[in-house]
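Q:
Protein chains in written order, with this note's numbering: chain A, 184 to 390; chain B, 11 to 20.
(1) Return the CA-CA distance between residue 315 of chain A and residue 355 of chain A, expressed in angstroms with no decimal places.
(2) Check distances from the C-beta atoms of the stretch 230–245 of chain A to those of chain B and list, in chain order, the residues that come in under 9 Å.
(3) DSSP beta-bridge partners for residue 388 of chain A?
(4) Note down, in chain order, every chain B residue with its Cβ under 8 Å from the Cβ of residue 351 of chain A.
(5) Measure the alpha-carbon distance for residue 350 of chain A versus residue 374 of chain A and round it to whole angstroms.
(6) Give the secondary structure of residue 219 of chain A by DSSP, where H, G and I count as helix, E and B as strand, and everything else as coil.
(7) Mind checking residue 296 of chain A: buried by the 16 CB within 10 Å criterion, or exposed?
(8) For chain B, find out if any of its Cβ atoms is closer than 9 Å to the Cβ of residue 277 of chain A; answer yes or no.
(9) Assuming residue 285 of chain A contacts residue 308 of chain A under a Cβ cut-off of 8 Å, what Cβ separation, rounded to an integer in Å, is found between them?
(10) From A:238, A:213 and A:326, pick the residue whose C-alpha is nearest to that of residue 389 of chain A; which is it?
(11) Using a C-beta to C-beta distance shorter than 8 Å, which residues of chain B count as neighbours of residue 250 of chain A?
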């Protein structure tokens, strides 16, 4: 554990909580891509199956459980509780365009051809592109509310901090995981355009 | 083949 890893995790947690609270407080999920949220729920489910097989630390287990719980709670709010406010017409990105190629890649490029390892690899690759339906939706509607941009900022910041974490771990622990690093770089790059808008326009984004 | 160390990152 280093400072980048910890702040990265907390930034990720902040993003998830911000989104959940936004939907809960406004009683609306307008402008939020349900598809990105389904993909994130799938990411956490396939990655954290190791909750059943190995114990790393109380911190690790707690965070995993919180991430999974929040991901499903968000999907529930969007598709069940506040379904009437869900903007399905603008959330038109096809999930299979991401899930199928990512699944194929996970089978081809992985550390070990075993069930759990392939699901872990799948989750890493899928996470790197899971935000695309959300970004696509913003480009389609041409705007994003302030609180949605805060959500995206923290989500992007989390991955950027993880990149520093991996540099740290490489120098001080000799640890590096090429799959996580490359996918993490792709994921961070996807947010660059958004970061630029967030910094220059500050609040709600209008394209 | 990967060693048996579990993935420790989130």
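For every residue, glycine included, the Cβ atom is placed at its ideal position computed from N, Cα and C.
Note that the structure is predicted; figures quoted are calculated from it, not measured.
A: On the basis of the data shown:
(1) 34 Å
(2) 230, 231, 233, 236, 237, 238, 239, 240 and 243
(3) A:327
(4) The contacting residues do not exist; residue 351 of chain A stays about 12 Å from chain B at best.
(5) 20 Å
(6) helix
(7) exposed
(8) no
(9) 4 Å
(10) A:326
(11) 20
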